Amino acid sequence: MTWKNTAEQNAIIEWKGTHLVVNAFAGTGKTTTLVSYAEANPESRMLYLAYNRAVRDEAERRFPYNVECKTSHQLAWARFGKHFRDRLTASLRITDVARKLNTRHWPLARLALSGLNMFLCSADPEPGLIHLPSEDDRHGLDAGKILGAIQILWYEMSRTDSVFPVTHDTYLKMFQLSQPDLSKRWDTILFDEAQDANPVTSAFVLNQPCRVILFGDRYQQIYRFRGADNALNARQLAQADRLWLTASFRFGPEVARVANILLERAGEEKRVAGNGGQDAVVSDLPAGAEHITVLSRTVSGVIGSALTASLMEKKVFWVGGIEGYKTEELEDLYWFSADMPEKMQSPRLSRDYRDFDEYCSIAKATQDVEMNQAIRLLDDFFPLPQKLAIMRRQVVSHEKEAQVTVSTAHRSKGLEWSVVMLSEDFTDITDPLLSQEERQDETNLLYVAVTRARKTLVLNELMRWLSEAGEGDDENDAVMPDDTGEISGTE
């Protein structure tokens, strides 16, 4: 069977210009289109800029010879990173900061470290007041004193003759500030996942004199809490050409209908078309499914799903590896609740909370989703240490050996499965107390989770209610009833 490009794909492949922004809905053949564009322009020297190493490795297998695939850190390493090899660390410790500042004032050290990280992730040329935490979070410390501390740390980091530790973000920042001219090596830059771009990377990419094509889906922007910026809307692109990919080959019309409900709530007028064949959206897990993937909003939700599956003697695959979900912290919470600190692996809980009652009070007062989920797991899977031991025995390292895959929605981005089930821990996007930014972020995360399904999507209660509410104009004003059937947040 010969693959035939859509009219939308052909418009991109045949495009001639200097700046192009492609908004690509989930599963719309973004990478296939990029590869076709590269093949249609064999004389062009292209750089494909990937957001992580795994994506880069996959791209290297797919792109033709005229495309080099790199991450932004890989670009920066050749020019700056290699000179700091002996000082590299994954992240700065607060003790490193306090020692360099010659202070035992831990709030100052913490605020300086936070501000430094904000600066390193920004597009700004030097540390400034804009990188400081809000006034409420400064513990009464003078802004000038905090900024001075940040400037000292940056000076020490950027010196080649210093012994102060350097992070990977340090040499990337130095690369951006050097105003590199990538056009000396490449005439076209393919900037993937631009909706969640690091502002540092966006800054040097968008200032290139060569052709730049940005691909992304604004509704898959889910890392704003890390400082990610939507480069698709950058001011430098005001005059850029804009094209769309709206036909999804991942799923069919049923999953597309659910995705479109979320797109409408997000204010999008365009709709994704489900061209991936027959699919189904159901409320209950279909009998006889050989493999299912359960996606959760929280880490605690993932652990709960894994516990449930493991206690049913199912083999479980954890996306990213079980070690990334810090199950030992949940076990520590159990021993903390039992007032047995000697069995805890870390003193963090004892240091941060007077006792378990205070932990529960803070969880309730702040409505912290992770904390409340963790408390619920202690009740649902008592005694937890024994249940966690069973769970760990059911872990498999290869997904093909698993009957159940578990992941957070964040980690699921870029992946897909035949059968996807949504956990009940996703944030209620109809909650009137959410800020506009929070509502957008949580809607995006639901959209990412929903669009991981190829053949069957099992809805949670929230998505069932939104689906039944329909796609009418009044839907965006609707509020989901609480457990009593009452409408929450209204008079």
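Residues 1 to 491, numbered by the UniProt record's numbering, are exactly what the sequence shown covers, in order. In this text, a Cβ means the ideal position worked out from N, Cα and C, and glycines have one as well. Quick caveat: nothing in here was measured; it's all calculated off a predicted structure.
> What three-state label does DSSP hand Val458 in the structure shown?
Replying inline: strand
> Where DSSP assigns a beta bridge to Tyr48, which residues make up the other side?
Replying inline: Cys69 and Leu190
> Quick one: what does DSSP say His19 is sitting in, helix, strand or coil?
Replying inline: strand
> By the 10 Å Cβ neighbour count, where 16 or more other Cβ atoms means buried, how is Phe382 classified, buried or exposed?
Replying inline: exposed
> Do the segment 256-264 and the segment 450-461 make contact, defined as three or more Cβ pairs closer than 8 Å?
Replying inline: yes
>> My output table needs one value for Met344: the three-state DSSP class, helix, strand or coil.
In response: coil
> Which one of Thr31, Pro432, His398 and Ala11 has the shortest CA to CA distance from Asp217?
Replying inline: Thr31
> So which of Met46, Met118, Leu75 and Phe426 has the shortest CA-CA distance to Arg53?
Replying inline: Leu75
> Does the Cβ-Cβ distance between Arg297 and Leu466 come in under 9 Å?
Replying inline: no
> Starting from Gly321 and walking both ways along the beta strand (DSSP E), at which residues does that stretch end?
Replying inline: Premise fails: Gly321 is in no beta strand (DSSP E) and is neither H nor E.
> What is the rounded straight-line gap between the Cα of Arg242 and the Cα of Glu14?
Replying inline: 13 Å
> At what residues does the alpha helix (DSSP H) containing Ile222 begin and finish?
Replying inline: Premise fails: Ile222 is in no alpha helix (DSSP H) and is neither H nor E.
> Hey, out of Gln394, Gly115 and Glu193, whose CA is closest to Ala314's CA?
Replying inline: Before going further, note that residue 314 is Lys rather than Ala in the sequence given. Here the closest residue by C-alpha is Gln394.
> Measuring CA to CA, which of Phe204, Thr430 and Ala231 is closest to Ala194?
Replying inline: Ala231
>> Short of 8 Å in beta carbon distance, which residues of its chain neighbour Leu415, apart from the five on each side in sequence? Order them along the chain.
In response: Val319, Ser407 and Arg452
> How would you label Asn233, buried or exposed, when you count the other beta carbons within 10 angstroms and need 16 or more for buried?
Replying inline: exposed
>> Quick check on this structure: which residue in Lys455, Glu135, Ile322 and Phe317 has the alpha carbon closest to the alpha carbon of Gly276?
In response: Lys455
> Across which residues does DSSP place Trp298 in a beta bridge pair?
Replying inline: Residue identity differs from the one stated: residue 298 is Thr in this sequence, not Trp. DSSP lists no partner for Thr298.
>> Under 8 Å: do the segment 48-68 and the segment 174-194 share three or more Cβ pairs, one atom per stretch?
In response: yes
> By how many angstroms is the C-alpha of Lys326 removed from the C-alpha of Leu307?
Replying inline: 14 Å
> What separation, rounded to the nearest whole angstrom, lies between the Cα atoms of Phe356 and Ile303?
Replying inline: 20 Å
>> Applying the 10 Å Cβ sphere with the 16-neighbour rule, what's the burial state of Ser248?
In response: buried
> Among Gly301, Arg62 and Gln176, which residue has its Cα nearest to the Cα of Phe80?
Replying inline: Gln176
> How far does the alpha helix (DSSP H) with Ile375 in it reach, from first residue to last?
Replying inline: Val369 to Asp380
>> Which residue wins for smallest C-alpha separation from His398, given the options Gln345, Val448, Ile322 and Leu349?
In response: Ile322
>> Can you give me the C-alpha to C-alpha distance between Pro133 and Asp142, rounded to a whole angstrom?
In response: 12 Å
> Opposite Ile213 in the DSSP bridges: which residues?
Replying inline: Leu20 and Leu190
>> So, at 7 Å on beta carbons, what are the nonlocal neighbours of Ser337 in its own chain, with the 5 sequence-adjacent residues on each side left out?
In response: Phe356 and Leu378
> Under the three-state reduction of DSSP, which class applies to Gly276: helix, strand or coil?
Replying inline: coil
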